[in-house]
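Count the sequence shown with mature numbering (1 follows the signal peptide of the UniProt record, and there is no 0) and you get residues -21 to -1, 1 to 289, in order. Cβ coordinates follow ideal geometry from the N, Cα and C atoms, glycine included.
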Amino acid sequence: MFNLNWKRLGLAAGLSLSIVAAGCGSSDGGSSDSSNGDSEGGDSKAAIGEEMDYTITGIDAGAGVVKSSEKAVEEYGLEDWEVQTSSGGAMTEALGNAIEDEEPIIVTGWTPHWKFAKYDLKYLEDPKGVFGGEEQIKTMVKTGLKEEKPNLYKILDQFKWNAEEMGKVMLARKDGTPIEEAAKNWVEENSDKVSEWTKGTEKVDGTKAKLVYVSWDSEIASTNVIGEVLRQQGFEVDLTQLQNAAMWQAVAQGEADGMVAAWLPGTHGDLYESNKDSLEDLGANLEGAKIGLVVPKYMDINSIEDLKSE
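If you want it as structure tokens, here you go:
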């Protein structure tokens, strides 16, 4: 049965995306002096590439930010560069190690993410617009959920928060608080916000609520928070971590009730197009998300174009 397959395969893949959570911030990066293409600047850029072995440190191969990064390598003519896929945890570990030694590094990045609160980072400018503009994190549910489980549908439909609120949950987890405890603490401390999500609904007695998510900091936070709200409303909650494609398929094929982890229009754009006729889009639960190439601010480059060897 598909139910067993997506749980086994998706969970196995999802566990490889070891992404920790913590506080988030947003930074499009401060400016620093960059070279103007003279011989000294060209030597500096070449030296940076050589020191990093012309490698951009990415996350899992199926992630939209990785696909966009690979496209950027082509669009900007960075023939010597390669996007090296790994996991979220490996990426942030490499970033932390490089910053500790003040070495150059380029990573695939997104906000909300705790690394912007912990480190002094900047996005490289993207004049060709390969990574697109701001994104939304949206809620998707299976077709027919409104009729089948109206209270669950309404809570998911009314779930909306911002990056700062999400960041508190992410930071708590990054600092060592178990995610279930971090989510429960946030819910208890933000009763006014939670009441907006549950407004007009009734408590239930053991109705099952199956939610799926991808193992990214933001989605671990949001899914566990809404999961805690549903538990307090009387639902029997099942939260399952999956790989990107499996997450979308689970909702589209009705094996899961929904997800609050859809990054659009860019990151999950292809998966949305493949599944949009088999699920319902409830709109954004968080505005202002972003993806791109990220570097420490001490690096003397400001644009993807600066990666070209001269």
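Between the CA atoms of residue j and residue i - distance to the nearest angstrom
| i | j | result |
| --- | --- | --- |
| Gly68 | Lys172 | 31 Å |
| Lys50 | Met226 | 24 Å |
| Gly37 | Val193 | 16 Å |
| Ser201 | Tyr98 | 22 Å |
| Thr64 | Gln211 | 39 Å |
| Gly185 | Trp140 | 26 Å |
| Glu160 | Asn281 | 39 Å |
| Thr71 | Ser288 | 26 Å |
| Leu272 | Gly88 | 6 Å |
| Lys125 | Gly179 | 14 Å |
| residue 300 | Leu265 | Nothing about residue 300 can be reported from this structure: the residues present for the chain run from -21 to 289 only. |
| residue 292 | Asp80 | Residue 292 falls outside the range modelled here, since the chain spans only -21 to 289, and no answer is possible. |
| Ile158 | Gln220 | 13 Å |
| Lys255 | Pro244 | 12 Å |
| Gly108 | Gln222 | 27 Å |
| Ser257 | Ala268 | 25 Å |
Residue of the options minimising C-alpha distance to residue i
| i | options | result |
| --- | --- | --- |
| Phe95 | Glu61, Met119, Glu143 and Lys50 | Glu143 |
| Val148 | Pro91, Lys133, Asn254 and Thr246 | Pro91 |
| Glu54 | Leu150, Phe110, Lys139 and Pro275 | Phe110 |
| Lys276 | Lys187, Gln115 and Ile85 | Ile85 |
| Trp93 | Asp249, Trp242, Glu198 and Lys255 | Glu198 |
| Glu82 | Ile27, Ser170, Gly213 and Trp140 | Ile27 |
| Leu131 | Glu113, Lys187 and Ser174 | Lys187 |
| Asp249 | Glu29, Ala42 and Tyr33 | Ala42 |
| Glu181 | Trp60, Leu209 and Ala77 | Leu209 |
| Tyr33 | Ser257, Glu252 and Asp59 | Asp59 |
| Met31 | Leu74, Gly267 and Ser170 | Leu74 |
| Val274 | Asp39, Ala40 and Asn76 | Asn76 |
| Glu127 | Ala235, Pro244, Met278 and Ser174 | Ala235 |
| Met278 | Glu168, Ala268 and Ile78 | Ile78 |
Under 7 Å between C-beta atoms of residue i and residue j
| i | j | result |
| --- | --- | --- |
| Lys163 | Glu207 | yes |
| Val239 | Ile270 | no |
| Val120 | Glu259 | yes |
| Trp195 | Phe138 | no |
| Ile35 | Ser47 | no |
| Gly213 | Val183 | yes |
| Leu218 | Leu57 | no |
Integer-rounded CB distance, given that residue j should sit under 8 Å from residue i
| i | j | result |
| --- | --- | --- |
| Ala263 | Lys117 | 5 Å |
| Gly237 | Leu190 | 6 Å |
| Val44 | Thr246 | 6 Å |
| Leu261 | Leu135 | 6 Å |
| Pro106 | Glu284 | 7 Å |
| Glu114 | Trp242 | 5 Å |
message = Pairs of beta-carbons, one from the stretch 97 to 107 and one from the stretch 227 to 237, closer than 8 Å: are there three or more?
response = Note that the stretch 97 to 107 does not touch the stretch 227 to 237; fewer than 3 beta-carbon pairs, one per stretch, sit closer than 8 Å.
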